[in-house]
Amino acid sequence: MTLTATYADDLSRVRLAITGAPAQADYALIERSTDQITWATVRGGDTVPLSSGAGQLDDYEFAAGVPNYYRASYVDSGAVTSVGLTPGGPVTGNNTALTPALPSGITAGDLLLAFATIRNTAAAPVAPAGWTAVHTTGSTAVFGRRYLPGDAAPTVTFTGGAAGDSTTAVVWALRNAELLPAVSVWQNNASAQNVAYPAITAGGSNDRLTVLFAWKQAQHTGWGTPAGFVDVTRVSNAQGSGDSTFVFLAAYPTSVPAGNVIVTGGAAAVSKATLLTFQKAAYVTRDTASTTPNIQVAWIKNLQRPYLNRAVTVTDWSAITRPARAGVIDVISRSLPVAVTDLRGSRRYTLTITAVDLDAAADLDLCLSTGEPVLLHVPAGAPFPGGYYVIGDITMDRHSKRTKRRFFDLPLTEVAAPAGTIVGQTVLYADLLTAFTSYTALIAAEPTYADVLDRIADPTDVIVP
265 MTLTATYADD
275 LSRVRLAITG
285 APAQADYALI
295 ERSTDQITWA
305 TVRGGDTVPL
315 SSGAGQLDDY
325 EFAAGVPNYY
335 RASYVDSGAV
345 TSVGLTPGGP
355 VTGNNTALTP
365 ALPSGITAGD
375 LLLAFATIRN
385 TAAAPVAPAG
395 WTAVHTTGST
405 AVFGRRYLPG
415 DAAPTVTFTG
425 GAAGDSTTAV
435 VWALRNAELL
445 PAVSVWQNNA
455 SAQNVAYPAI
465 TAGGSNDRLT
475 VLFAWKQAQH
485 TGWGTPAGFV
495 DVTRVSNAQG
505 SGDSTFVFLA
515 AYPTSVPAGN
525 VIVTGGAAAV
535 SKATLLTFQK
545 AAYVTRDTAS
555 TTPNIQVAWI
565 KNLQRPYLNR
575 AVTVTDWSAI
585 TRPARAGVID
595 VISRSLPVAV
605 TDLRGSRRYT
615 LTITAVDLDA
625 AADLDLCLST
635 GEPVLLHVPA
645 GAPFPGGYYV
655 IGDITMDRHS
665 KRTKRRFFDL
675 PLTEVAAPAG
685 TIVGQTVLYA
695 DLLTAFTSYT
705 ALIAAEPTYA
715 DVLDRIADPT
725 DVIVP
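In this note's numbering, the protein residues as written are 265 to 729.
Structure (structure tokens):
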């Protein structure tokens with residue numbers, strides 16, 4: 265997996281390119297931060313489509329002159345599913361460390377759960393290196409980690425055991441599940457033939473799976489799958505003094521009532537039961553990248569039509585005003601008036617930009633003709649304020665009779681940023697109809713769909729005859 269962030273000065277944008285995203289991911293969520301603590305979704309980054317693991321997005325609203333950090337979270341919109349478990353089932357030993365093989369068919373981001381037990385209730389499994397303790401009850405434990413290609417099978421060790429203490433371990437894989445359970449309950453049981461388990465309120469509907477992990481300090485010859493569950497694996501460990509381990513799965517329950525794992529054969533013994541509910545993961549895996557866009561001049565950007573973005577030469581700016589929104593009311597028979605106040609208005613000032621010749625002036629005139637809110641993106645340390653503005657009545661002037669320079673006075677009123685649902689493209693379908701007289705001509709100029717998407721429309725396309 266690779267996320268790259270590259271600044272391009274053509275439209276003043278950071279091109280975010282994804283390659284090798286997990287096959288199970290349906291889309292990517294792309295966010296930006298300058299401190300890696302607070303993250304904001306890049307405009308258009310809510311659901312970036314992926315095709316064969318690749319996708320891209322342009323960010324026009326980056327912070328200038330400082331490192332911009334980006335992260336792509338690859339999201340699988342499907343339900344939580346079971347992938348499989350250690351081939352051949354649980355591995356067993358007599359007070360020995362165990363290395364259960366990883367399940368087959370796992371892919372990057374799958375949740376690996378290692379179930380481990382030791383017969384001695386005063387002993388305990390130890391988390392393998394790089395694994396997280398998901399739930400422990402002393403002599404039984406569940407460890408978890410996200411699978412990355414190249415990960416080796418875990419080695420589970422045990423502490424506090426002695427000869428005769430049976431040990432068991434198995435790895436089970438879930439797809440699209442969070443690492444830590446949303447809900448967990450467990451109980452220790454006095455000596456009995458069956459393994460009692462508590463009730464659990466799992467919540468959710470089709471976005472959660474509940475696992476029942478049961479252990480008994482005696483062997484068995486048979487078992488009964490509890491109502492509402494399906495059998496995942498079980499083992500009667502004959503090494504050492506012997507014990508039993510069971511794993512069951514309940515798909516998408518809102519709750520599970522208390523019940524019993526019916527055990528046949530063997531003898532009455534103490535037991536433990538744990539129920540864990542895993543909800544759908546927020547993302548499968550995540551990539552990060554960073555870049556420091558170093559813009560040298562101010563840009564006027566149209567977030568709805570980014571092909572109209574232009575670098576501008578600022579030659580002057582007026583005083584900045586913030587109009588009052590208040591009234592002073594004289595009251596009869598009172599010396600002092602009453603004030604009715606509200607927050608002041610946004611910043612307003614006039615920005616003067618210069619076009620070096622008539623062609624540049626005509627291009628600017630077209631780019632400013634839409635009347636849509638713009639982003640005045642300024643370099644770090646600029647002496648005039650950037651932000652989102654609506655441009656009022658534009659004046660284009662010359663300062664001498666023969667000069668080809670043109671000076672644009674832009675009255676700016678600061679406004680809120682356009683809604684996040686407004687996502688611009690560098691070319692629209694209408695632009696293609698204007699630029700090409702036939703489909704054949706389009707194919708000749710832009711042979712692939714990717715070429716079409718990367719095309720930058722002409723400013724004249726905004727003119728409505």
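Heads up, the beta-carbon is just placed ideally off N, CA and C, and yes, glycines get one too.
What is the DSSP secondary structure of residue i, reduced to helix, strand or coil?
i: D273; result: coil
i: P711; result: coil
i: Y324; result: coil
i: Y703; result: helix
i: Y571; result: helix
i: G465; result: According to the sequence provided, residue 465 is Thr. The question's Gly does not apply to it. Residue state, collapsed to three classes: coil.
i: A388; result: strand
i: L615; result: strand
i: A624; result: helix
i: T685; result: coil
i: P490; result: coil
i: P723; result: helix
i: D261; result: Nothing about residue 261 can be reported from this structure: the residues present for the chain run from 265 to 729 only.
i: T698; result: helix
Between the C-alpha atoms of residue i and residue j, what's the straight-line distance to the nearest angstrom?
i: K544; j: L674; result: 50 Å
i: R549; j: V398; result: A small correction: the amino acid at residue 549 is Thr; Arg does not occupy that position in the sequence shown. Whole-angstrom Cα-Cα distance: 19 Å.
i: L412; j: L375; result: 10 Å
i: T257; j: Q288; result: Here the chain comprises residues numbered 265 to 729, so residue 257 is not present and cannot be evaluated.
i: A427; j: G504; result: 7 Å
i: S535; j: A522; result: 15 Å
i: G329; j: A644; result: 5 Å
i: V278; j: T577; result: 22 Å
i: V639; j: I655; result: In the sequence on display, residue 639 carries Leu and not Val. Cα to Cα, the separation comes out at about 10 Å.
i: T579; j: S297; result: 32 Å
i: A454; j: K480; result: 10 Å
i: A625; j: I658; result: 13 Å
i: V347; j: I370; result: 7 Å
i: A460; j: A537; result: 7 Å
i: G530; j: N358; result: 19 Å
i: I720; j: L622; result: 22 Å
Does the Cβ of residue i have 16 or more other Cβ atoms within 10 Å, making it buried, or fewer, making it exposed?
i: Y338; result: buried
i: S664; result: exposed
i: P313; result: exposed
i: Y334; result: buried
i: Y263; result: One cannot answer for residue 263 here, as it falls past the ends of the chain, which runs 265 to 729.
i: S597; result: exposed
i: P729; result: Its pLDDT being 48, under 50, P729 is placed unreliably in this model, and the value from its coordinates should be taken loosely. Its Cβ having fewer than 16 others within 10 Å, P729 is exposed.
i: K668; result: exposed
i: V602; result: exposed
i: G488; result: exposed
i: A709; result: exposed
If you drop the 5 nearest sequence neighbours on each side, which residues of the same chain put their C-beta closer than 6 Å to that of residue i?
i: A575; result: V561 and W563
i: T268; result: A281 and A553
i: P331; result: S554 and T556
i: P445; result: L540, T541 and F542
i: L275; result: P570 and N573
i: T270; result: R279
Within the same chain, show all residues whose beta-carbon is closer than 7 Å to that of residue i, passing over the 5 residues directly before and after it, in chain order.
i: T724; result: L630
i: G651; result: L640 and E678
i: A588; result: R608
i: R611; result: I584, R586, P649 and E678
i: Y291; result: T311, V312, P313, L314 and V339
Among residues of its own chain, excluding the 5 on either side of residue i, which ones have a beta-carbon nearer than 8 Å to its beta-carbon?
i: V306; result: L280, I294, E295, R296, L321, D323, E325 and Y334
i: A441; result: V344, L375, L473, F542, Q543, K544 and A545
Is there a Cβ from chain C that is less than 7 Å from the Cβ of residue i?
i: F512; result: You won't find chain C in this structure, because it holds only one protein chain.
Answer yes if the region 617-634 comes into contact with the region 669-683, meaning at least three C-beta pairs across the two stretches below 8 Å, and no otherwise. Using a C-beta cut-off of 8 Å, the region 669-683 makes contact with the region 617-634, since at least three inter-stretch Cβ pairs fall below that distance.
For the region 355-373 against the region 425-444, do three or more pairs of beta-carbon atoms, one drawn from each stretch, fall closer than 8 Å, so that the two count as touching? Contact between the region 355-373 and the region 425-444 is present, because at least three Cβ pairs lie under 8 Å.
The region 386-395 in contact with the region 418-425 per 3-pair CB rule at 8 Å: Enough Cβ pairs lie closer than 8 Å, so yes.
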